Amino acid sequence: MSSQFALQTSFDVEYAPASIKKWRSRRTGLSLTYVNQPTPMVNGYFAVATEIPDDSGCPHTLEHLVFMGSKKYPYKGLLDSLGQRFFSYTNAWTAIDRTVYTLTTAGWEGFQKLLPIYLDHVFNPIINDEACLTEVYHIDGKGKEKGVVFSEMQGIESQSWFVLYLEYYRSLYSKDSGYSSETGGLMSELRHLTWDQIRDFHKAMYRPDNVGVIITGSVDEKELLETMEAFDAGLPSLPETPHKRPWLDSKVDLPLTKEVIKEVSFPDDDESMGELLIGWIGPNAENTLAVLALDMVGCYLAESPISLLNKHLVEVENPSATDIDIITDDFLRIGVNFYVGGVPVGELYNVDKKIKELLESITHEENFDLTYMRQLVAQQKIKFISKTEGSPLTLSNLAISEVIYGKHDGSDLSKWSKSLKEQDELATWTAKQWCDFIKTNFIESKPVTIIGKPSPQAIKDNKAENRKRNKTIREEYGEEGLTKLQRTLDDAQAKNDAPIPDDVLTKFGKPDASKIDFIETDSYQAGQNDSKLTFYKKDGPLHERIKKDTPEDFPLYVHLEDYKSQFVTAQLVFSSAVVPPELLRYFSLVEDIFSVSIKKPDGTYLPYEEVITELNNDLLDFDLDNGFDSQFVELITVTIKFEVGKYEKAIDWLINVLKYSVFEESRVKVIIEKLINSLPDKKRNDELMMYSSQYRTVFKETSLRKAQDSIHTEGFYRELMQKIEDGKFAEIVADIDAIKEKLFNVNNMKLFLTGGCSNLENPISSWSKFVKEFNGAKSEANLDLEKVPRSFQFKSEIGQRCSGQAFLVTTPASETTHLIAMTPIPTDYSDIDIARIALASEILTAMEGPLWRGVRGSGLAYDAAIRRMVESGFLTFVIYRGADAQQAWETTKKIVHEHTSGEAEIDQIAIDNAVAGIVNSLVKAESNNHDAAVNKVLDNIFKKRGPNYARDFLKSLGSVTKEDLLEVLKKYFVPLFEPKHSLLFSCLPTTTAPGFQDFLQKQGYEVSLEEINATADEAAQNSGEESDGSEDSDGSSGSESDAE
1 MSSQFALQTS
11 FDVEYAPASI
21 KKWRSRRTGL
31 SLTYVNQPTP
41 MVNGYFAVAT
51 EIPDDSGCPH
61 TLEHLVFMGS
71 KKYPYKGLLD
81 SLGQRFFSYT
91 NAWTAIDRTV
101 YTLTTAGWEG
111 FQKLLPIYLD
121 HVFNPIINDE
131 ACLTEVYHID
141 GKGKEKGVVF
151 SEMQGIESQS
161 WFVLYLEYYR
171 SLYSKDSGYS
181 SETGGLMSEL
191 RHLTWDQIRD
201 FHKAMYRPDN
211 VGVIITGSVD
221 EKELLETMEA
231 FDAGLPSLPE
241 TPHKRPWLDS
251 KVDLPLTKEV
261 IKEVSFPDDD
271 ESMGELLIGW
281 IGPNAENTLA
291 VLALDMVGCY
301 LAESPISLLN
311 KHLVEVENPS
321 ATDIDIITDD
331 FLRIGVNFYV
341 GGVPVGELYN
351 VDKKIKELLE
361 SITHEENFDL
371 TYMRQLVAQQ
381 KIKFISKTEG
391 SPLTLSNLAI
401 SEVIYGKHDG
411 SDLSKWSKSL
421 KEQDELATWT
431 AKQWCDFIKT
441 NFIESKPVTI
451 IGKPSPQAIK
461 DNKAENRKRN
471 KTIREEYGEE
481 GLTKLQRTLD
491 DAQAKNDAPI
501 PDDVLTKFGK
511 PDASKIDFIE
521 TDSYQAGQND
531 SKLTFYKKDG
541 PLHERIKKDT
551 PEDFPLYVHL
561 EDYKSQFVTA
571 QLVFSSAVVP
581 PELLRYFSLV
591 EDIFSVSIKK
601 PDGTYLPYEE
611 VITELNNDLL
621 DFDLDNGFDS
631 QFVELITVTI
641 KFEVGKYEKA
651 IDWLINVLKY
661 SVFEESRVKV
671 IIEKLINSLP
681 DKKRNDELMM
691 YSSQYRTVFK
701 ETSLRKAQDS
711 IHTEGFYREL
721 MQKIEDGKFA
731 EIVADIDAIK
741 EKLFNVNNMK
751 LFLTGGCSNL
761 ENPISSWSKF
771 VKEFNGAKSE
781 ANLDLEKVPR
791 SFQFKSEIGQ
801 RCSGQAFLVT
811 TPASETTHLI
821 AMTPIPTDYS
831 DIDIARIALA
841 SEILTAMEGP
851 LWRGVRGSGL
861 AYDAAIRRMV
871 ESGFLTFVIY
881 RGADAQQAWE
891 TTKKIVHEHT
901 SGEAEIDQIA
911 IDNAVAGIVN
921 SLVKAESNNH
931 DAAVNKVLDN
941 IFKKRGPNYA
951 RDFLKSLGSV
961 TKEDLLEVLK
971 KYFVPLFEPK
981 HSLLFSCLPT
991 TTAPGFQDFL
1001 QKQGYEVSLE
1011 EINATADEAA
1021 QNSGEESDGS
1031 EDSDGSSGSE
1041 SDAE
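Numbering (UniProt numbering), first residue to last: 1 to 1044.
Structure follows, in structure tokens:
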């Protein structure tokens, strides 16, 4: 047992398979929290309480600079390079009140080696001038402003949410409060931030007594304490006079006594829809009952379509908003805010007034629905248990907050995380208690309201300001000065990018991948599942029960993945190919099938409000979406999650929703109006618009990916509204009924059950009643798992040709550039080139690898990546938040050519590190039982890669030679930058579009330019595609998830 680390608390978590211990160093004050919850991934969170009263960005810049080397390990990128070598992933994030450094490792062995090295970077970073210059802010030889942090903030400062929140925190908290600061750093402040300011901030905040180390997963506790003891011995001792604690020893802002309403403008030339932000300072974080009650009030107000605010503002004809998000800030006193999107500009002040009136109304007992609130409390408790059963993330977040705001004696940790007694107490609250609580926190405590209006003038002002600044820079420095700036920058990059000696990387050894324990779940089959795959169990109690319980000639395909759990997830998977192409555009409407009314054959009618209430009582999750686990996006999946004891009810709900749902005119009108009103907000999303351009161009009409794109379907949904106005709603109903009839057919569905299947009564025969309802005609288009529909089969002519064209999209308020280039690759998961492409991609794009240093490290973009998309058959190059897309593209092309030609050598260390990085990705994808089960289904059933894919894939990587890598670089990576063999899509500022268009034309691309604020017909015409058809949230992520 450690001599310096004193055990402060130790307890079992009552509602999750976890136990927690916390120690604190008597000598330094450094704390250590261990959440013991078995998983193959070990996660570390190194939390620093950070308080600053200005917008300089010191907390955020430090988050970046820590990775530039430490005094003991003075090499930029050593941490990331070693991390990759040790099956690890490093990252960090900065919030208003904390900076947290993360370490995710496959297994304890690699984590243990990295832990003291990482902590040395946290406590002893170099913070030299060269690192600050490239990471924070600089001006290059062309007079362009760059820097990794600067580029990141440039990408968000003009976005509507950023503009509103900046004013919100400044208005809710006093000027000298750290809570009113923009810790990311405003661009105007980053330009003048001195490196000494950053160093001083580190000295003030990064003290052992102000840092907590939180670790989750399966570790050797004795070895953990020995490692921490050895590291702690090198840290400074606590001073005789205790340090001031950030936040806890500062002046506390109390709830406001006067209401504040302010108006701000954000750049956008579509002036139809605005946004609204309302917030309060709430109860003290120590009052755990009040904090939880605040969360429950948030659920009461906006958790579902029948919640109070949604019912009155969103789920109505002529909706006053498209969505309402309630967000809490886990500060010393909890903050709570309502972010209201898609508000017609003329309604902004009325919506603010309406929300306040609704809040006031439920301070009266006669207006408060106690039954509904008690249902919510019970539902949220079950959901919380489900969440903590599957992942230690919730417990780690509580432990991080305890480091920032908890008592130094560790007593708050058990108070905040041991039991669910607060949920039990809230379940007994009376209507009066709830009304009094709402009155105290939302009526007597006064809010700040920020009215956000779109402004074309703000676009003009921003452009004028940028032109003026560019001119000022050129005039101030002149040609000679700019040349000097470039020389200084080049010298800084050369110093930062000095190679790490091989012996430094190899002296730590490398962990053994064979020691990593992959999670195993048990697989069973029933019904029409006659697969010959060898991983299915053929004996044991559950196998015998399934065998006895399966009716003769049972027509449904069933696959079960069993592991210890109180919950089961049922996924019904369908092929969209059975649906006529002209009806696919309805899917953004059909996705709301769980929030419409139900009418049974016996005349029983359930209005949609009752449907949602009862669904929430019986199910934890329910959803209809395209894809299976975000892959195979031409499929449709209906997913429900439920407690084991509610199996029969869950199946009944599937029958009622899929068979007897009724899309009524009033409800459909509301759904369509929300889709249309959400468009201005989507069009402000630069990245989303780039992927919209890609999907509309690369895929054809029969593709769900295109059919759910918001720009493609804008005209279609406006036409549907006109049909309703013209009294032709019956035509819409007929189309939806046709979709349901063709889609929900037992011959077109496969059932996957994951979770506590061994605890299910009648696991197969329970579905007999379901099968009777959905027995339909057989069709060649029905889902056949031997011929799963895949994205590459739905390519348009342009997508198949993949040659010579570039599609540029401009959005009015855009400040940075997003870009994706693509070239064809094999679509067979077992193709030998896939492993080679994976390895080559990892070598090029690893943290502190060639692209990281060449593009991100030079301030050309916040991120650049090369990804393999096996489903659609493309290799892609992606620029995220580019400050200089042209130079980023040219730099990456140069890097690829240098590696292909041998000018830049691919050494064995780079190959070993890349293999290790892929190991980490594989294990991370299966870090809990549910994910492991789903991956097993994907690998074996959908991708047909075999039951030992992960292990076999690692073996195949081990046999890849340098020659193999050079071959795939030449075969696939070089063509990515050749117009003859590639397509390119980009969303960029209107000011830079002409120059980039000219550059691409000189490269050999035929360039199309689209203004995204154009009408649907014009947009489609400009992009070379016809117009009509909605975008689903799957598209917003902008990437196919072909996780290997």
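For every residue, glycine included, the Cβ atom is placed at its ideal position computed from N, Cα and C.
As the structure is a prediction and not an experimental result, all values here were calculated from the model.
Spell out a yes or no on whether the region 336-347 and the region 277-284 are touching, meaning 3 or more CB-CB pairs, one atom from each, closer than 8 Å.
Output reads yes: the region 277-284 touches the region 336-347.
Start and end of the beta strand (DSSP E) containing Val657?
Start at 1 with the first residue of the sequence shown, and residue 657 comes out as number 657. Counting along the chain, Val657 falls outside any beta strand (DSSP E), though it belongs to the alpha helix (DSSP H) covering Tyr647 to Tyr660.
Could you spell out the range, first to last residue, of the alpha helix (DSSP H) harbouring Phe442?
The residue given as residue 442 occupies position 442 in the sequence shown. Looking at the DSSP string, Phe442 is not in any alpha helix (DSSP H), and its letter there is neither H nor E.
Please identify the residue among Pro789, Arg696 and Phe111 whose C-alpha is closest to the C-alpha of Val42.
Sequence index remark: in the sequence shown, residue 42 carries index 42 (1-based). Selected option, being the one with the closest Cα: Phe111.
What's the C-alpha gap between Leu606 and Glu741?
Locating residue 606 in the sequence shown gives position 606, where the first residue counts as 1. Locating residue 741 in the sequence shown gives position 741, where the first residue counts as 1. Cα to Cα, the separation comes out at about 21 Å.
With DSSP collapsed to three states, give me the class of Cys987.
Locating residue 987 in the sequence shown gives position 987, where the first residue counts as 1. Correct three-state label for Cys987: strand.
In chain order, what are the residue ranges of uninterrupted alpha helix (DSSP H) at least 4 long that sit wholly in the region 947-990?
Those alpha helix (DSSP H) runs which fall completely within the region 947-990 and span 4+ residues are 949-958 and 962-968.
Residue closest to Ile215, alpha-carbon to alpha-carbon, out of Pro392, Met205, Asp952 and Glu226
Here residue 215 refers to the residue found at position 215 of the sequence shown. Of the candidates Pro392, Met205, Asp952 and Glu226, the one whose C-alpha sits nearest the C-alpha of Ile215 is Pro392.
DSSP state of Trp108, grouped into three classes?
Position 108 of the sequence shown, counting from 1, holds the residue named residue 108. Of the three classes helix, strand and coil, the one that applies to Trp108 here is helix, per DSSP.
Beta-carbon gap between Leu426 and Leu292 smaller than 9 Å:
As a first step, residue 426 must be located in the sequence shown, where it is residue number 426. As a first step, residue 292 must be located in the sequence shown, where it is residue number 292. Between Leu426 and Leu292, the gap from beta carbon to beta carbon is short of 9 Å.
According to DSSP, is Lys548 helix, strand or coil?
The count along the sequence shown starts at 1 and reaches residue 548 at position 548. Helix, per DSSP.
Close beta carbons around Ala492, own chain, < 6 Å, minus the five adjacent residues each side
Stepping through the sequence shown from its first residue, residue 492 is reached at position 492. Taking C-beta separations shorter than 6 Å and ignoring five residues to either side along the sequence, the partners of Ala492 in its chain run Glu130, Leu133 and Thr134, following chain order.
Which one of His138, Lys446 and Asn948 has the shortest CA to CA distance from Thr260?
Locating residue 260 in the sequence shown gives position 260, where the first residue counts as 1. The sequence shown places Val at residue 260, rather than the Thr named in the question. It is Lys446.
Unbroken stretches of the alpha helix (DSSP H), 4 residues or longer, contained in the region 856-912
Within the region 856-912, the complete alpha helix (DSSP H) runs of at least 4 residues are 885-901.
Taking only three categories from DSSP, how would you classify Gln525?
In the sequence shown, the residue the question calls residue 525 occupies position 525. Residue state, collapsed to three classes: strand.
Per DSSP, Leu276 is paired with what?
Here the question's residue 276 lines up with position 276 in the sequence shown. Answer by DSSP bridge pairing, in chain order: Val340 and Ile451.
Out of Val960, Gln886, Ala925 and Thr33, which one is the CA nearest neighbour of Asp409?
For the purposes of this step, residue 409 is identified with residue 409 of the sequence shown, where counting begins at 1. Of the candidates Val960, Gln886, Ala925 and Thr33, the one whose C-alpha sits nearest the C-alpha of Asp409 is Thr33.
From the DSSP output, in three-state form, read off Glu271 for me.
Along the sequence shown, read from residue 1 onward, the residue named residue 271 stands at position 271. DSSP, reduced to helix, strand and coil, places Glu271 outside both helices and strands of the structure shown, so it counts as coil.
Since Asn745 and Gly776 should fall inside the 8 Å C-beta cutoff, what is the C-beta to C-beta distance between them, to a whole number of angstroms?
The residue given as residue 745 occupies position 745 in the sequence shown. The residue given as residue 776 occupies position 776 in the sequence shown. Contact holds; Cβ gap of about 4 Å.
Beta-carbon gap between Ser661 and Ile598 smaller than 9 Å
The residue labelled residue 661 in the question sits at position 661 within the sequence shown. The residue labelled residue 598 in the question sits at position 598 within the sequence shown. Yes, the pair counts as a contact, with Cβ atoms nearer than the cut-off.
Going straight from the alpha carbon of Phe729 to that of Phe770, what length do you get?
Start at 1 with the first residue of the sequence shown, and residue 729 comes out as number 729. Start at 1 with the first residue of the sequence shown, and residue 770 comes out as number 770. Their Cα atoms are separated by approximately 30 Å.
If distances are taken between C-alpha atoms only, which option among Thr817, Leu370, Lys778 and Pro850 comes closest to Asp80?
To locate residue 80, count along the sequence shown from 1; it is residue 80. That would be Pro850, whose Cα lies nearest to the Cα of Asp80.
For Ile798, which residues in the same chain have their Cβ closer than 8 Å to its Cβ, ignoring the five residues on either side in sequence?
Residue numbering aside, residue 798 sits at position 798 when the sequence shown is read from its first letter. Answer for Ile798: Thr697, Val698, Gln805, Leu983 and Gly1024, listed in chain order.
Tell me which residue opens and which closes the beta strand (DSSP E) that Asn459 is part of.
Counting from 1 along the sequence shown, the entry for residue 459 is found at position 459. Reading off the sequence, residue 459 comes out as Ile, not Asn. Careful: Ile459 lies outside any beta strand (DSSP E), inside the alpha helix (DSSP H) at Pro456 to Asn496.
Please classify Phe770: does DSSP put it in a helix, a strand, or coil?
The residue you call residue 770 lines up with position 770 of the sequence shown. DSSP places Phe770 in helix when its eight states are reduced to three.
Residues in the same chain with beta-carbon distance under 8 Å from Glu1006, minus the five sequence neighbours each way, listed in chain order, please.
Sequence index remark: in the sequence shown, residue 1006 carries index 1006 (1-based). So the list reads Gly804, Gln805 and Ala806, once near-sequence residues are dropped.
Just checking, does the region 41-58 make contact with the region 467-486 on the three C-beta pairs under 8 Å criterion?
Judged by pairs of C-beta atoms under 8 Å, the region 41-58 does not touch the region 467-486, as fewer than three such pairs exist.
Thr183 and Thr94 - do their beta-carbons sit closer together than 9 Å?
Working through the sequence shown from its first residue, we reach residue 94 at position 94. Working through the sequence shown from its first residue, we reach residue 183 at position 183. Against a cut-off of 9 Å, the Cβ pair of Thr183 and Thr94 comes out as a contact.
Excluding the 5 residues flanking Ser70 on each side, which residues of the same chain have their C-beta closer than 7 Å to its C-beta?
By one-based count along the sequence shown, residue 70 stands at place 70. So the qualifying residues of the chain are Asp120, His121, Asn124, Pro125 and Ile126.
Endpoints, the beta strand (DSSP E) within which Val558 is located
Here residue 558 refers to the residue found at position 558 of the sequence shown. Bounds of the beta strand (DSSP E) holding Val558 are Tyr557 to Asp562.
In terms of residue numbering, what span does the alpha helix (DSSP H) encompassing Thr288 cover?
The residue given as residue 288 occupies position 288 in the sequence shown. Run containing Thr288: Thr288 to Ala302, per the alpha helix (DSSP H) assignment.
Assuming Leu654 and Ile640 make a contact with CB atoms under 8 Å, what is their CB distance in whole Å?
Counting from 1 along the sequence shown, the entry for residue 654 is found at position 654. Counting from 1 along the sequence shown, the entry for residue 640 is found at position 640. Confirmed, about 7 Å.
Going along the chain, which residues of its own chain have a beta-carbon closer than 7 Å to the beta-carbon of Asp735, five neighbours each way excluded?
Translated into the one-based positions of the sequence shown, residue 735 becomes position 735. Leu583 and Tyr586.
Lys446 - DSSP class collapsed to helix/strand/coil:
Along the sequence shown, one-based indexing puts residue 446 at 446. Of the three classes helix, strand and coil, the one that applies to Lys446 here is strand, per DSSP.
Pop quiz: Phe792 and Thr702 are said to be a contact at Cβ under 8 Å. What is the actual Cβ separation, rounded to whole angstroms?
Looking up residue 792 in the sequence shown gives position 792. Looking up residue 702 in the sequence shown gives position 702. Actually they do not touch by this definition, with Cβ atoms about 13 Å apart.
Measure the beta-carbon distance from Thr991 to Lys463 and round it to whole angstroms, keeping in mind my assumption that it falls under 8 Å.
Reading the sequence shown from its first residue, position 991 is the one you call residue 991. Reading the sequence shown from its first residue, position 463 is the one you call residue 463. Yes, Thr991 and Lys463 are in contact; Cβ-Cβ is about 6 Å, under 8 Å.
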